[in-house]
Amino acid sequence: MPSFKSTKYLFVPCELRNNYISVYIGVLSKHSDELSAEVLSLTSNENAKDLVEQFKKIFTAIRKKIIGDHTETVSPHLQYIAALLFACTTKNPLRRVIISSFQNLPKSVQEAVVEPAILDGFRHMFEPTQGRSSLSDAVLSLEEMVPLRHNVDTISAITENFHLGIDCAGVLCLEILHYLTQLAQTFYQVYSPSLSPLGQNEVMHHCLEAVKLTNRICQKTAVTLETRMKEDEALSQLRNIAKQCISTDISILKSDGFLIDCKTSSAMNICLMLNHAGMEEKVLGLFSHTVFSHIPVLRDTGSPPPSWLDGVGMDQLAQGDLTSTSYLCFMYGMLAMVPMETLLSLVGNRVFLMDCMLPELFDLSERCSDVGSKLLAAKSICLLTQRVREHLEVRGSYEDWQSCFHGNSVALQSCLQFVFTAWEDALDAVRFVVRDIFQSVVSLHLWYLQSQGQCTQDDEFLHNLCLTILHDVSWSCKGKYGTLSVLVRHLGSARMLAWDSGIAMHVMQQMQEHTLACYASELYECLFRCHMAELDQSESSKVTWFTQWVVPVLETLCQKSNLQKKHTIEYVLPRLLKCGENTLHRIISHLTQLVNSADKQTSSETQLGALILCLRRARALGMLKKGGSSMAVALMPRQQNAIKKHTEITSTNMEGPGTLDLQTDETVEAISNETESCCNVDAFKSVSQKENAMISEIESDNSKGDCEVWYGLVTVQMLKDALVCRDEQVRLDTFALLCENQKTSEVVVMSELRLIRSFIPDNFNNQNPAFRQQFVALLKKLLLRLKESGGALYRQKNKNSETGMKSYQDFLAWLSRAMLDSLYPGASFAQRSTCLSGLGLLLDLYGPLTDIKEPSTPELFLLNDIIVECDLYTLLHCLTDSFEDNKREAARVLIALTGKPALQQLM
């Protein structure tokens, strides 16, 4: 038999398609119109993307005819398309497109044309094939199972988010259930230990999908099944199906090698089939007699299986006949599918769920050795507690046995003991499930308190539980943080602070451990958010909250412990900043005071570094906005005079580009006229001693009178101090703060360009490779941002944008000249490496190496325009560098500049 496992097949091969498709082909073949030919050609398209586009055009034409009241003319086309649903393979995207298209048709067309075609497809699918009277006549090979698995996938697709398909499944619910039961039995018969591991895995997944689909059909058609079960014939038919299905499920549960998921699905299937077969009220007695026969109180109250289950072997579900894993799988399936009213029934003065099932689960959890079983045991206990909690919240009080939901009851104490045992499990999934169990236990106790009219704040159980976890459990225990978070949400942060005033310090100390950082940060966020909600909006309360929760974080950022600082920045600081803009302003104000209050003997580097880190993180979160707190410049009179002198000098005598710290747009505009002089050999001459003295005077005046505020948070002078800090990381963080921005099209303002100018030349010659690597990466971000925002400025086409474009061009010209001048013979390796990398970035982003140009945006900058002959000699000299990467980068720059006539002459 041909196989279509390969992903190249979009449709089932013709040899494997049902005969009814050929009927529709014959009908359409009689139509000689173009639309019919297009529909018939769908199966010949082997490209999935083209196939979808072709179908959309076809269906658009069909909808037009339906709107034009020509439904009869396109009925054969719709029937053929419905038939294609059963021929599309799992990899074919056309299946979902067809379903979506059918849902957009008028309801009358759906009922009159599409629904009968889908029902017809189902009926043909269930017909015996290849001369067999049923699927179980013989054991199939792996290849022969592939078409059957295709049918399972087809039924699943048609009954998933497709109301018309679900309606059709309701009409044929018994037929579909009978067919799926046969498929599951057929798949199971193929399973054998003699198969290869790959073959066994394939068969088990076939069984899993068949059983899961059976469960889904039972649930989606529950109302229809309930109605039809009132008929004796339908009830008898369903019981025969259930008998065969349960028999296969028991065989799967007894097979040691089967997947846990398949076993749990089979257990769910047993419960669903019994419920639909009229055993919903008797299922607890049946399981008490068979599954829980080892518990005396249940065995005495149980009832034997009914006659229609004779020969199924329900007794094989007993604990002694199943492995621990299989027994656990059945318990999980029972918890998931048996109604809570049944599970909470009293059996011999005991609550079945809490007094019988729960101890069984704890016993099984202790006997589980493999990871999958341990996780399933935890999930089972979690499911039990969650279902009980949800049921009680909806149904209200049960006076007869509500005391079993008090925190000191045997059941809940057992749950807590399980939590304390498993909260340090090596598997993350188990730890998260255990935390959910703890949450459910606390919720059940709170429900009990509410039902008794008792106050939560005065409850002794919660009080003792919290103190035990807070004081008796080590802070190195991962489970401590999740459970404390649960208690904080119910008891509040104020009580935690009353019991342990240093809790903030204890949590922050754990940020040194990477394995604890994420858990500790979650608890810390829970604490400070609950405390914020508890306090009023008075200024004193805000100061109290800030001192309690923010100051410890800032103290950590001011320390020199890189690991603790790193985890605090990553996990805690973003959570704090998201509390609101006022938090950011208070943080910056606090750190600014620390920096300014540091005496001369005490270094303020750590405080300055913490301030920059907070600003950088806030900018990464998009919290720095210009709006009402835009940058305002207030120049001192003496400073304005100095700038005026500066302008006069540069407009008359300046011959070189210089590295002046420009203060205003007027200064930049005055100097920009001298940019072309950079292309002369005389560009290497220095300014006169008199001019240098005046420039120093200007810079001195500017540093004293600079009152500009960056984003309304810190002065530019403080950013300047950070850029010249002795700590390399502080300098890099400040440079990153100026370069990085979530919105790359946001304009880089003049004050930021001035700060960057003051930083770059002094850091070319850094001997730290990691520093140079980060420096070049940040420079690339800056150049990309200049390019993006430059395009935005050009599209604005106003006076301000022209000024901004001019300042960009001047900055790029200055940067290029600074890097070229730093490549002089004798320059250190670090300086050459940094400058050559920067020149390469300029060429990649702005120079001739950029092949694709935006026709609507002119070139912002071209390196060719400022290169002079001596620069070429300098680059040629770099080819003699002993470091291979420097030689390679210099050669790349030279090759990119081959358009310069001077270079051609040299060559």
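Going by UniProt numbering, the first residue of the sequence shown is number 1, and it counts up by one from there. Glycine included, each C-beta is placed from N, C-alpha and C at the ideal position.
- Minimum Cα-Cα distance from residue 126 among the listed residues 54, 482, 835, 174 corresponds to 174.
- With the rule of 3 Cβ pairs closer than 8 Å, the segment 829-840 counts as touching the segment 886-900.
- Exposed is the label assigned to residue 201, since fewer than 16 other Cβ atoms lie within 10 Å of its Cβ.
- Ranked by how close their Cα comes to the Cα of residue 812, the residues 731, 775, 39, 864 have 864 in first place.
- Residue pairing for residue 11: DSSP places it in a beta bridge opposite 88.
- Looking at the DSSP output, residue 346 bridges to 351.
- Within the same chain, 301, 302, 303 come within 8 Å of residue 285 by CB-CB distance, once the 5 residues on both sides are set aside.
- Taking 8 Å as the cut-off, the Cβ atoms of residue 249 and residue 270 count as close.
- The beta-carbon distance between residue 216 and residue 159, rounded to whole angstroms, is 7 Å. This is short enough to meet the 8 Å contact definition.
- In the same chain as residue 322, and ignoring 5 residues on each side of it, the C-beta atoms closer than 8 Å to its own belong to 253, 254, 316, 330, in chain order.
- The count of Cβ pairs closer than 8 Å, one atom from the segment 423-443 and one from the segment 479-491, reaches three, so the stretches are in contact.
- Exposure of residue 341 is indicated by the presence of fewer than 16 other C-beta atoms within 10 angstroms of its C-beta.
- Per DSSP, residue 145 is one residue of the alpha helix (DSSP H) stretching across 142-158.
- Residue pairing for residue 710: DSSP places it in a beta bridge opposite 714.
- Residues of the same chain with a CB within less than 8 Å of the CB of residue 490, apart from the 5 flanking positions on each side, are 442, 446, 456, 462 in chain order.
- Under the DSSP assignment, residue 118 falls in the alpha helix (DSSP H) whose first and last residues are 115-126.
- Per DSSP, the unbroken alpha helix (DSSP H) holding residue 792 starts and ends at 769-796.
- Under the Cβ criterion (8 Å, minimum of three pairs), the segment 582-600 does not count as touching the segment 523-539.
- The residue from 77, 84, 319 with its alpha-carbon nearest to that of residue 58 is 77.
- Within the model, the alpha-carbon separation for residue 313 versus residue 296 is close to 21 Å.
- Within its own chain, the residues whose Cβ lies closer than 6 Å to the Cβ of residue 435, once the five positions on either side in sequence are excluded, are 482, listed in chain order.
- The criterion of a C-beta distance shorter than 8 Å is satisfied by residue 401 and residue 346.
- Selection 276, 794, 356, 548 evaluated against residue 245 yields 276 as nearest (Cα-Cα).
- In the structure shown, the three-state DSSP call for residue 231 is coil.
- Between residue 266 and residue 211, the CB-CB gap stays under 8 Å.
- Within the same chain, Cβ atoms closer than 7 Å to the Cβ of residue 262 are found at 204, 207, 208, 211, 252, the five residues on either side in sequence being excluded.
- Taking the Cα positions, residue 358 is about 7 Å away from residue 411.
- Considering only 753, 502, 520, the residue with the shortest C-alpha distance to residue 510 is 520.
- Ranked by how close their Cα comes to the Cα of residue 333, the residues 110, 264, 354, 234 have 264 in first place.
- For residue 263, the three-state secondary structure derived from DSSP is helix.
- Using a Cβ distance threshold of 8 Å, residue 556 and residue 548 do not count as a contacting pair.
- Annotation: residue 139 is outside any alpha helix (DSSP H) and is labelled neither H nor E by DSSP.
- Ranked by Cα distance from residue 74, the options 52, 178, 112 are led by 112.
- Secondary structure of residue 861 (DSSP, three-state): coil.
- Listed in chain order, the non-local C-beta contacts of residue 528 below 6 Å within the same chain comprise 549, local neighbours out to five positions each way being set aside.
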